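Participant:
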Amino acid sequence: MEPRFLVVGKVMTQPHILQQLIFETQFLLAQGKAVLVVFDIDSTLLDVSPRIERIIHDFADEIVTTDPETAEILKTVRTQKTDWGIRSALERVGLRHEHHEDTVQRIKDFWHARFFSNQYLHLDEPLPGSVEFVNHLYEMGADVAYLTGRDEIRMGPGTAAAMAQHRFPLSPPRARLVLKPRPGIDDFNYKEEWFYAIPKDRYERIWFFENEPVNIAQIRLAHPEVRNIFVDTTHSGKAEPPTDLPVIFDFLWKG
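At position 47 of the sequence shown (counting the first as 1) the number is 51 in the numbering used here, and the numbers step up by one without a gap.
(1) Counting Cβ pairs closer than 8 Å, one from the segment 111 to 120 and one from the segment 132 to 152, do we hit at least three?
(2) For Gly241, count the other beta carbons within 10 Å of its own beta carbon; 16 or more makes it buried, fewer makes it exposed. Which is it?
(3) Suppose only complete runs of 4+ residues qualify. What are the alpha helix (DSSP H) ranges in the segment 132 to 171, listed by chain order?
(4) Going by DSSP, what residue range makes up the beta strand (DSSP E) through Phe253?
(5) Is the number of C-beta pairs between the segment 205 to 217 and the segment 171 to 188 that are closer than 8 Å three or more?
(6) Go through its chain and collect everything with a Cβ distance to His61's Cβ below 8 Å, but skip five positions before and after it.
(7) Find the nearest neighbour of Leu131 within the set Ile26, Asp190, Phe192, Asp51, judged by alpha-carbon distance.
(8) Among Glu28, Ile59, Glu136, whose alpha-carbon lies nearest the alpha-carbon of Lys37?
(9) Three-state secondary structure (DSSP) at Leu22?
(10) Measuring straight from C-alpha to C-alpha, what distance separates Asp236 and Val251?
(11) Taking Cβ positions, are His140 and Ile26 nearer each other than 8 Å?
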């Protein structure tokens, strides 16, 4: 009998969720059926907070002679995995937008130009267990895809280099790195269309790991055959987190 994956949100422990996925994948592969596991990258497989922190510190270096007081404050910034963008990190050191509008906007412009570039991608750190978990699935025989909101023009080479640096499997055709072809495409529309391109009879099971609720909501609506797992790290706040899906915080699965 085929194992059934229980969708009961946070009631299931994280190791149970991931172990169940592995067990079901093993079962399907043993039957000669194909399985695809799809992962977002930022704040799903990788913690981007070190990237954010370095960019803010580099901005401090840029202004140290013209605005030493602000530079000194910015050098104390310590980002957290739960930060989305720079707002929370700046507010923790007293730089609120409503009181420091010009300064915060300058920091934001500096950050935006560099966060969405190749320059700092090597600073991202894998979430605990993520490299081992993805490699385990790949070595079992599952196909893996990294379906990211990053775009090829600004972030392609740096993304490929960083994923290789962290030893995520990248060898085609069973491992695919999927970036948007250009900036300006909505993440949720791009991801929705990518799933449409998968032949319906190619995979017996498709899993999707994602930290952004708005993307999960879109995929659930357009592709009910895809089984979603919410990675509860940080998100934009554009949609409420799902309450009826399996939830994980990282990829530690042997506990």
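Even for Gly, the Cβ is constructed at its ideal location relative to N, Cα and C.
Fair warning: this is a prediction, and the values are worked out from it, not measured in the lab.
Facilitator: Checking against the coordinates, here is how it stands:
(1) When C-beta atoms of the segment 111 to 120 are compared with those of the segment 132 to 152, fewer than three pairs fall below 8 Å, so the two segments do not count as touching.
(2) So Gly241 ends up on the exposed side.
(3) 134 to 144, 156 to 169
(4) Per DSSP, Phe253 belongs to no beta strand (DSSP E) and is neither H nor E.
(5) no
(6) Leu78, Lys79, Val81
(7) Asp51
(8) Glu28
(9) Looking at Leu22 - three-state DSSP - the assignment turns out to be helix.
(10) Here the alpha carbons of Val251 and Asp236 stand approximately 7 Å from one another.
(11) yes
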